[in-house]
Amino acid sequence: MGSPWGRRIAIVATCLVSLLVCCGLAWWQWDRFTSANGTFQNLGYVLQWPLFGLFPAFMFWRIRQLRQKAEADGTANERPAPVPVAEVPAPRPRPDVPKQEQDEDEELAAYNRYLRELNARDQQAAE
Numbered sequence: 032m033g034s035p036w037g038r039r040i041a042i043v044a045t046c047l048v049s050l051l052v053c054c055g056l057a058w059w060q061w062d063r064f065t066s067a068n069g070t071f072q073n074l075g076y077v078l079q080w081p082l083f084g085l086f087p088a089f090m091f092w093r094i095r096q097l098r099q100k101a102e103a104d105g106t107a108n109e110r111p112a113p114v115p116v117a118e119v120p121a122p123r124p125r126p127d128v129p130k131q132e133q134d135e136d137e138e139l140a141a142y143n144r145y146l147r148e149l150n151a152r153d154q155q156a157a158e
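Okay, here's the thing in structure tokens:
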């Protein structure tokens, strides 16, 4: 399927299969609507399924139109410019907090202070 004709045949086959399957589902919903327990919801599906079946054909047509427009404009092989990523400023140092704790989040810093206090108590009790 490397050739353009193979691709076109595959696209047409996909569109036809999609349309046939969805028309079959529309027919099934019509049978449900006309049965004794059919509802207007089934009638809604009768109208929706053919549209779903036509959607792949519409998408292939739309992609083709956009590709032709890009070739006419000369922008077919251009890639969009990368969007610059905003840099997050580094946090300002706080003079009241030791340097080691400034790099940690608040909850972790509080836990580390608690562990230092416990260690200090153990050291005093051991003396």
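All residue numbers for the sequence shown refer to my numbering, where the first residue is 32 and numbers rise by one. All C-beta atoms, glycine included, are put in the ideal place defined by N, C-alpha and C.
- Secondary structure of residue 153 (DSSP, three-state): helix.
- With three or more CB-CB distances shorter than 8 angstroms, the region 50-57 counts as touching the region 79-99.
- The C-alpha of residue 141 lies about 14 angstroms from the C-alpha of residue 150.
- Judged by DSSP secondary structure, residue 73 falls within the alpha helix (DSSP H) whose first and last residues are 71-104.
- For residue 117 and residue 64, the gap between their C-alpha atoms comes out near 56 angstroms.
- Around the beta carbon of residue 155, fewer than 16 other beta carbons lie within 10 angstroms, which makes this residue exposed.
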